[in-house]
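Since the structure comes first, as structure tokens, the remarks are kept for the end.
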Amino acid sequence: MKIRILGCGTSTGVPVIGCKCSACSSTHPGNKRTRSSIALELPEKTILIDTSTDLRIQALASKLTRVNAVLYTHYHADHVHGIDDLRS
């Protein structure tokens, strides 16, 4: 099994619009984080934990092509609003 962290940012993502803190103003790529989501890659299936609003970007960046199941940790917008991207 492979555990792939697709996103580990806050509910607003990082950088936060309008924020001037050192993390948000940094040009370091490690300070650009999408919202939380994880892919559990098993030999014959992929289970997605949460569908963040950044799911499309995350799936393209990680070459995620198929999702067999989704597990939601809780019903907040930043964890569920990417579900529409699973239609494709």
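For the sequence shown, position 56 matches number 56 in full-length UniProt numbering, and the numbering has no gaps at all.
Each residue gets a CB set at the ideal place from its N, CA and C atoms; glycine is no exception.
| In angstroms, rounded to a whole number, what distance separates the CA positions of Arg35 and Asn68? | As a first step, residue 35 must be located in the sequence shown, where it is residue number 35. As a first step, residue 68 must be located in the sequence shown, where it is residue number 68. For Arg35 and Asn68, the distance between alpha carbons rounds to 21 Å.
| request: May I ask you to report which of helix, strand or coil DSSP gives Leu86? | output: As a working note, residue 86 is residue 86 in the sequence shown. Correct three-state label for Leu86: helix.
| query | Who pairs with Val70 in a beta bridge, going by DSSP? | reply | Working through the sequence shown from its first residue, we reach residue 70 at position 70. DSSP, once it has assigned bridges, lists Leu48 as partnering Val70.
| message | What does the alpha-carbon distance come out to for the pair Pro29 and Lys45? | response | Reading the sequence shown from its first residue, position 29 is the one you call residue 29. Reading the sequence shown from its first residue, position 45 is the one you call residue 45. Answer to the nearest angstrom: the Cα atoms are 30 Å apart.
| said: Closest to Thr10 by C-alpha separation, out of Arg33, Ser25 and Ser26, would be which residue? | reply: Reading the sequence shown from its first residue, position 10 is the one you call residue 10. It is Arg33.
| request: Out of Ala23, Lys20, Arg87 and Thr12, state which residue places its alpha-carbon closest to the alpha-carbon of Ala59. | output: For the purposes of this step, residue 59 is taken as residue 59 along the sequence shown, with counting starting at 1. Ala59 has its Cα closest to that of Arg87, out of Ala23, Lys20, Arg87 and Thr12.
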